[in-house]
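Participant:
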Amino acid sequence: MSDVAAVCYSVLVFASCLIFSFSFCDAAAYTNITKTRSLSENDTLVSAKSETFELGFFSLENSSSRYVGIWYRNLTPRTVVWVANRDNPLTSSSSVGTLKIAEDGNLVILQNNDVFWSTNASLSVNDTAAALLSNGDLVLCHVASAGDESKALWQSFDSPTDTYLPGMKVLVNQKTGAENKALVSWKSASDPARGAYALGVDPRGSPQFVIWAGSERRWRSGHWNGLEFVGVPNMSSNYLFGFKLSTEDAAGNMYFTYTPLNASSDLLRFDISVLGYEEQLMYDARSSTWNIMQSMPASECDHYNMCGNFSICSNSGSSGSPTCTCLDGFEAKNSDEWNAGNWSSGCKRRSPLQCEGSNSTLSDGFVTLSNAKLPDFADLGQGANKEACEQACLSDCSCTAYTVGTGYSCLIWKEELVDVQVFSSNGKPLYVRVAGSELGGSGHKLSALAVVAIVLPAAWLILFVFIIWWYRAKLKAYCYRSWGKGDVYSSMKKRRDGSRVDSSGAAENLVGEGKDGAGPELPLFSFSVVSAATDAFSEANLLGKGGFGPVYKGKLPDGQEIAVKRLGGKSGQGFEEFRNEITLIAKLQHRNLVRLIGWCVEGEDKMLIYEFMPNKSLDRFIFNAAKRPELDWKARMAVIEGIARGLLYLHRDSRLRIIHRDLKASNILLDGEMTPKISDFGMARIFGGNQHEANTVRVVGTYGYMSPEYAMEGLFSVKSDVYSFGVLLLEVVSGRRNTSFRLTDYSSLIKYAWSLWTEKRAMELVDESIRGSCDEAEVLRCIQVAMLCVQDSPSYRPNMSTVIIMLESETANLPSPRPPSFTSMRSSIDTEMWTNDGQEQDIVSANDLTLSVVAGR
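Here the UniProt record's numbering is used: the first residue of the sequence shown is 1, the next is one more, and so on.
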């Protein structure tokens, strides 16, 4: 942003009153900073007239660092909108800091004569003063004799931090094409240093707002058409009143500004949050809270290029999950990945364009995509109307699409089409260039070759559909004979309302099945192949046993090593869990989630085939005195972070929002490089896009890992998994099971850890085998994060994105955890009822949960 012109009139040099004109220095009687009047840590500067804003020194909760900033006056809690020394706080308590005018006229923050921050303006005069304006702008002006005019020499609106206030100008320079990352997020809620995300403007083509995560794009608003941003479909004058793009000045600069609908009464701001969301917030005086009016990205499809290049993302899928399709005339680059739900490779052109050397005699044409969020990286075209714009695109072989509209006349794209989305309404038309053979004869005469090219595949398609129908009929009859109580497909029968009915008649939403809804998109292995791979399920290949059943090691004929989880007729879990695991994990793609290879059904046996994990499960290391030293602190920290990233993917970044509900050490598998992979999704549940909490009639999970609200009331949410993660984190640090404290005064590892934490003896919790070699600060941070995760109330627990920030930030000031009062463990007086020698208790019960009578499986 360029300097904002302001005319400053001075009545008295270095007096306590400055009179400013031209809307920026517009008050005659409010406090300022001059060479004779500085601001100490006990003083504040109040803005003019409305006294809405205040400037001064401040500290954040649980931090001794001090900053100079601007906040809303008389609002609780304090809402900071600008920080001067965000990357260089005052930390010494030996002397106070001062905000003053330096000898060269710049505004500086000093402590012990050390400069911690300066306006660093190039000044031709040193006769200056600073004042806080009614719109929250801190300005530095030239003090001169009465009647002299000058411009503002520096102002905070030109150097914002993470917040945009009405009155600011956001620079748009289309001549240079330079991106302007105007706002940068805080590092964390307790650290205003520069964080991971930036919000600003990309001026290319028609300008748009963009969120960056480092150098990568996270979200964009879509192009400006003079009235609105076309990538925000519900944007209107009532919803986002007041955006305006100025005309170009002599330097080739334009500016975005924003004026609220009720500027005199509404407190409104925009910010880039620590988690990378652009938020519009309005203050509600009645409830004394900031209401979020808009938060972007708002859906999965809003995440940048969700479906890859030359593809379309739509939020019309079941449970609000995104649906990815290729543009007309295009096909998936990698069909196997695409069918598995991994769309990152995007799509490719099905037929080459005529100008690319195609032998087709048909001219290239265009297919129309309606209600689109226009692709990224547009350029201004030469055409003044649709016909001229289309001709300009056709004359350039590199042109892949065009559009016309108010505010930009003609936009063309010369690269792969990136980040295309389709809205239910209010989108814009996009004309995509395709080969003439893809137009289906619209405006062209089809050749005999083209007719054959259309009819022959259609015939093959009909034959293919018949074969699939025949195969399904045969498999259905086989399953009916084998299972006795019905068949796998009838139990997954699709209802008209989009849900599915299991064999018991209970309806539950299913996601992750094949395109026809008939079953999972996974290979169905024959029993003979699985039996041969495991040497007839020999004891020599037995890897272990869990609540689901035994797990065997095997090797397929192509040499691939596998792990086979076998559910027998007497298992504590049934078809519901089997179906759940297939439909969930088959669609998940993340390096910290175990990969499902296939499945098998034979009589009452139901089997899942996974990739083989040579190091088996995490509990094999941390709960084994002989193997604990093999997992040093560096490896444990990598395991902790990997589990956290896997959970974050399940909760937020996957196209399904999934609650695992049974996170524990035995369900964390380790590959050959000790990379952790979350497994066992038999108990998992899918959440809708806007769903935050649910109630279940079947409380399932493992004692010691279950959150209080889930164990007692059947309520579960992402915070239930956060609780389990906190327990698991304490176990990884200590090398002890949460259940190992049943016969002690503490009753659980959580209460033991809390006791050591409050007595500042937390290092005693650390596994003795690594205590001498671990990073103490890192360990203490992990313990504190764990205690935050296992707080009784889910509202106090952080979400997984915040957990990752706290784990990976060495400078974050973490909040203090609340003392635990409940765990999902029994007290020591109940231990006589348990007969499994201290192993974890998996439970499946009714929602009318009475812990004193539930027996573990």
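Built from N, CA and C at the ideal position, the CB exists for glycine as well.
I'd like the list of long-range same chain contacts for S425, defined as Cβ closer than 8 Å, with 5 residues on each side in sequence excluded.
Facilitator: These residues qualify, in order along the chain: P233 and N371.
Participant: Compare the Cα-Cα distances from S809 to each of E673, D158, K100 and P192 and report the closest residue.
Facilitator: The residue with the shortest Cα to Cα distance from S809 is P192.
Participant: Determine the closest residue to A298 out of Y72, W219 and S720, with distance taken between C-alpha atoms.
Facilitator: Ranking Y72, W219 and S720 by Cα distance to A298 puts W219 first.
Participant: Run through DSSP, which three-state label would Y164 get?
Facilitator: Strand at Y164.
Participant: Any idea what DSSP makes of A121, helix, strand or coil?
Facilitator: Correct three-state label for A121: coil.
Participant: How big is the Cα-Cα spacing for G714 and T702?
Facilitator: Whole-angstrom Cα-Cα distance: 13 Å.
Participant: Which value, in whole angstroms, describes the spacing of the CA atoms of V779 and F537?
Facilitator: Going by the C-alpha atoms only, they are around 42 Å apart.
Participant: Once you ignore the five residues that flank G642 on each side, which residues in its own chain have a CB closer than 7 Å to its CB?
Facilitator: Correct list, in chain order: N592, T675 and P676.
Participant: Entirely within the UniProt domain "Bulb-type lectin" (30-153) and at least 3 residues each: give me those beta strand (DSSP E) ranges in chain order.
Facilitator: You should have 44-46, 53-58, 67-72, 80-83, 98-101, 107-111, 114-118, 128-132 and 138-142.
Participant: I believe S679 touches L588 by the beta-carbon criterion, under 8 Å. Please report the beta-carbon distance rounded to the nearest angstrom.
Facilitator: Actually they do not touch by this definition, with Cβ atoms about 11 Å apart.
Participant: Among the residues of its own chain, which have a CB less than 6 Å from the CB of A753, if the five just before and after it don't count?
Facilitator: Same-chain partners within the cutoff: L730 and L765.
Participant: Select from E673, L183, L807 and K719 the residue whose C-alpha is nearest the C-alpha of Y796.
Facilitator: Residue K719 is the option with its Cα nearest to Y796.
Participant: Can you name, in chain order, every residue of its own chain whose Cβ lies under 8 Å from the Cβ of N291, other than the five neighbours on each side?
Facilitator: Result list for N291: L281, M282, Y283 and D284, in chain order.
Participant: Judging by CA-CA distance, which residue of P819, Q784, R781 and I804 is the nearest neighbour of S793?
Facilitator: Nearest option by C-alpha distance: P819.
Participant: Identify, in the order they occur along the chain, each residue of the same chain with its Cβ nearer than 8 Å to the Cβ of G252, setting aside the five sequence neighbours on each side.
Facilitator: Hits under 8 Å: N173, Q174, K175 and T176.
Participant: Closer than 8 Å by C-beta to I804: which residues in its own chain qualify, once you throw out the five before and the five after it? Chain order, please.
Facilitator: Around I804: E641, A644, R645 and L648.
Participant: Run through DSSP, which three-state label would I678 get?
Facilitator: Residue state, collapsed to three classes: strand.
Participant: Helix, strand or coil: how does DSSP classify V367 here?
Facilitator: Reduced to three states, the DSSP call for V367 is strand.
Participant: Measuring straight from C-alpha to C-alpha, what distance separates D745 and N541?
Facilitator: When rounded, the distance between both Cα atoms is 41 Å.
Participant: Okay, do the stretch 33-49 and the stretch 87-102 touch, 3+ Cβ pairs below 8 Å being the bar?
Facilitator: They touch, by the three-pair rule.
Participant: By the three-class DSSP mapping on this structure, what secondary structure does D271 have?
Facilitator: Note: D271 maps to strand in three-state DSSP.
Participant: Around the Cβ of F209, are there at least 16 other Cβ atoms within 10 angstroms (buried) or fewer (exposed)?
Facilitator: So F209 counts as buried.
Participant: Taking buried to mean at least 16 other C-beta atoms within 10 Å of its own C-beta, is K244 buried or exposed?
Facilitator: That one is exposed.
Participant: Assuming the contact rule is C-beta atoms closer than 8 Å, V732 and P798 should be a hit. Round their C-beta distance to whole Å, please.
Facilitator: No, V732 and P798 are not in contact; Cβ-Cβ is about 18 Å, not under 8 Å.
Participant: Verify whether the separation of the beta carbon atoms of L430 and L369 is less than 8 Å.
Facilitator: Cβ atoms of L430 and L369: closer than 8 Å.
Participant: Excluding the five sequence neighbours on either side, which residues of its own chain have a C-beta within less than 6 Å of the C-beta of L268, listed in chain order?
Facilitator: Around L268: P260 and M282.
Participant: I'd like the list of long-range same chain contacts for E630, defined as Cβ closer than 7 Å, with 5 residues on each side in sequence excluded.
Facilitator: Cβ neighbours of E630 beyond the five flanking positions: F621.
Participant: So is M706 buried or exposed if we call it buried at 16+ other beta carbons inside 10 Å?
Facilitator: Buried: at least 16 other Cβ atoms inside 10 Å.
Participant: Is T403 buried or exposed, if buried means 16 or more other CB atoms sit within 10 Å of its CB?
Facilitator: T403 comes out buried.
Participant: Report the residue ranges of all alpha helix (DSSP H) runs contained in full by the stretch 754-835; include only those spanning at least 4 residues, in chain order.
Facilitator: DSSP runs (the alpha helix (DSSP H)) wholly in the stretch 754-835: 776-789 and 800-808.
Participant: Can you list, in chain order, the residues of its chain whose CB lies under 8 Å from that of S351, leaving out five sequence neighbours each side?
Facilitator: Here the set comprises G329, S358, S360, V434, A435, S437 and E438.
Participant: On a Cα-Cα basis, can you pick out the residue from T119, A131 and S190 that is closest to P160?
Facilitator: Of the candidates T119, A131 and S190, the one whose C-alpha sits nearest the C-alpha of P160 is T119.
Participant: For Q421 versus C600, is the C-beta spacing smaller than 8 Å?
Facilitator: Against a cut-off of 8 Å, the Cβ pair of C600 and Q421 comes out as no contact.
Participant: List, from N- to C-terminal side, the beta strand (DSSP E) runs of 3 residues or more that fit wholly inside the stretch 177-248.
Facilitator: Complete beta strand (DSSP E) runs here, min 3: 180-188, 191-202, 208-213, 216-220 and 243-245.
Participant: According to DSSP, which residues form a beta bridge with Y710?
Facilitator: Answer is none; Y710 lacks a bridge partner.
Participant: What is the DSSP secondary structure of residue 878, reduced to helix, strand or coil?
Facilitator: Limits of the chain in this structure are 1 at one end and 857 at the other, which puts residue 878 out of reach.
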